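Engineer: Just passing along the structure, written as structure tokens.
2 protein chains.
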Amino acid sequence: MESITSLQNSKVKKWTALHKKKERDNTGLFLIEGEHLIQEALKENIVETIITDEQCPFDFENIVQVSPQIMRKISDNVSAVHLIAVCHKLEKQPDMVSRALLLDGVQDPGNLGTLIRTAVSFSFDVVYVSEDTCDLYNDKAIRSTQGALFHMPVIRANLVDVVKQLQKDGFTIVATSLEESETMSEIPKSEHMGFIFGNEGQGVSKVLQHEANHRLRIEMHGFESLNVAVAGGIVMYQYRGK
Amino acid sequence: MESITSLQNSKVKKWTALHKKKERDNTGLFLIEGEHLIQEALKENIVETIITDEQCPFDFENIVQVSPQIMRKISDNVSAVHLIAVCHKLEKQPDMVSRALLLDGVQDPGNLGTLIRTAVSFSFDVVYVSEDTCDLYNDKAIRSTQGALFHMPVIRANLVDVVKQLQKDGFTIVATSLEESETMSEIPKSEHMGFIFGNEGQGVSKVLQHEANHRLRIEMHGFESLNVAVAGGIVMYQYRGK
Chain R
19 MESITSLQNS KVKKWTALHK KKERDNTGLF LIEGEHLIQE ALKENIVETI
69 ITDEQCPFDF ENIVQVSPQI MRKISDNVSA VHLIAVCHKL EKQPDMVSRA
119 LLLDGVQDPG NLGTLIRTAV SFSFDVVYVS EDTCDLYNDK AIRSTQGALF
169 HMPVIRANLV DVVKQLQKDG FTIVATSLEE SETMSEIPKS EHMGFIFGNE
219 GQGVSKVLQH EANHRLRIEM HGFESLNVAV AGGIVMYQYR GK
Chain H
19 MESITSLQNS KVKKWTALHK KKERDNTGLF LIEGEHLIQE ALKENIVETI
69 ITDEQCPFDF ENIVQVSPQI MRKISDNVSA VHLIAVCHKL EKQPDMVSRA
119 LLLDGVQDPG NLGTLIRTAV SFSFDVVYVS EDTCDLYNDK AIRSTQGALF
169 HMPVIRANLV DVVKQLQKDG FTIVATSLEE SETMSEIPKS EHMGFIFGNE
219 GQGVSKVLQH EANHRLRIEM HGFESLNVAV AGGIVMYQYR GK
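Protein sequence lines, in the order shown, are assigned to chains R and H. Take the first sequence: its letters are residues 19 to 260, numbered as in my numbering. Take the second sequence: its letters are residues 19 to 260, numbered as in my numbering.
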């Protein structure tokens, strides 16, 4: 087993740099922390290296033993972390798709991660994110998925193209909107559906609202404002897959 | 108008200390940032002082002009903030209650804030939080409410006592649970209902599950795990008030 004790070690520097999006994009690698996430990642065969300052609970060919000081340097977390894994980005492709989630410019990594976690729970098959949606491999986004990202194909694409292709394939596309919209009881469930949620401030862009088959509003009284991950949860529950 | 230029000024120190729960508890004061939140707080007459390093957009008797450097010291935010208000904690009492939200040991300030925001949107009348639920006046909790906390009575109490009192008053109490539970279609809507959501890791405590009239599970496939604010959104939407 390899052992590293110097903070100046080039691998330590390389791993620490993975907190930056640019470095993740260049290398195709990202970091995860904690036993639960690593267990999920091992099932998907995407783990490259496991780094620990304790006894490693996993039987894995590439474990690197480091000092607690190095662990603190690599970790993003304020509280002590004893297991970190370097992973290859996933390239999962969806099989049969019946339910698609489309995210148009979601900015908060916590919201992105939570939406993916919810999509897995309600049997969605694929998540498309617009070019300007925040990075999936951001530490907070990964933490918020609670491991769900390993079970879901997430594809970055131009959402106008995605909507047009899905419609050709027989999908009904529903965009959330506050104007000229229908409630959930007015939009029937069908076999193939896609749901678009938008940016925290601006909502779904006009062009996508226009392309969609339905514009959906969640009935509310009073404050008239929901967090996008909460709105996503309500709609995905209502139209959950099988 | 008062003007402060020294970082050592005693008021600056006092305001900065309000990021600590202990100081908020001792003084009954808390901080909010940004024009939108301050506007909402002014409507409730809880603003004590407005602090700014720019032209103040509000007509208010107690505005303090400070340097950008002082502003950065007082603010919790990484990006520049130009308006901060010191507020008195709210003591809102509920009027007629038809829908109550009970939070049992919610730990994440973002989840707490989001749950309160959602409760306002779905016409809930009161939120009870257990003694071990995180502080409502935490910066992140306040930001996540998006101002909704000014429209909702939030009462810290022993939830077993609250449940017993609500049941005496004719309320049906529903606790979320994974075991021995019913789905939403099996639990009818009624005029007076209370819903208990629990800690992010442990869920609702056994004693509260036992006291509740129903144990509710959200139907899911696959991953079987929802963020508590998302679960709260789904249930509050389904049983929303009028």
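For each residue, glycine too, the CB sits at the ideal point set by N, CA and C. Note that the structure is predicted; figures quoted are calculated from it, not measured.
1) Can you tell me which of 194(R), 103(R), 62(R) puts its alpha carbon nearest to the alpha carbon of residue 236(R)?
2) Roughly how many angstroms separate the alpha carbons of residue 168(R) and residue 55(H), rounded to a whole number?
3) Can a CB atom of chain R be found closer than 9 Å to the CB of residue 52(H)?
4) DSSP state of residue 160(H), grouped into three classes?
5) Taking 9 Å as the CB-CB cut-off, is residue 98(R) touching chain H?
6) Within 9 Å (strictly less), CB to CB, does residue 221(H) reach chain R?
7) Residues of chain R with CB under 8 Å from residue 236(H), in chain order?
8) Assuming residue 131(R) and residue 216(R) make a contact with CB atoms under 8 Å, what is their CB distance in whole Å?
9) Return helix, strand or coil for residue 131(H), following the three-state DSSP convention.
10) What three-state label does DSSP hand residue 21(R) in the structure shown?
11) Should residue 164(R) go down as buried or exposed, given a rule of 16 or more other Cβ atoms within 10 Å for buried?
12) Within the same chain, show all residues whose beta-carbon is closer than 7 Å to that of residue 209(R), passing over the 5 residues directly before and after it, in chain order.
13) What three-state label does DSSP hand residue 66(R) in the structure shown?
14) So, is the C-beta of residue 248(R) closer than 9 Å to a C-beta in chain H?
15) Can a CB atom of chain H be found closer than 9 Å to the CB of residue 166(R)?
16) Between the region 220 to 231 of chain H and the region 190 to 205 of chain H, do at least 3 Cβ pairs fall closer than 8 Å?
17) Could you give the distance in angstroms between the alpha-carbon of residue 21(H) and the alpha-carbon of residue 156(H)?
18) Where residue 83(H) and residue 58(H) are concerned, what is the direct C-alpha to C-alpha distance, given to the nearest angstrom?
19) Where do the N-terminal and C-terminal ends of the alpha helix (DSSP H) with residue 216(H) fall, by residue?
20) Can residue 64(H) and residue 108(H) be called in contact, C-beta distance under 9 Å?
Structural biologist: A quick look at the data gives this:
1) 194(R)
2) 38 Å
3) no
4) helix
5) no
6) no
7) 255
8) That pair is no contact at about 17 Å.
9) helix
10) strand
11) buried
12) 116
13) strand
14) yes
15) yes
16) yes
17) 27 Å
18) 21 Å
19) Looking at the DSSP string, residue 216(H) is not in any alpha helix (DSSP H); the run it does join, the beta strand (DSSP E), is 211 to 216.
20) yes
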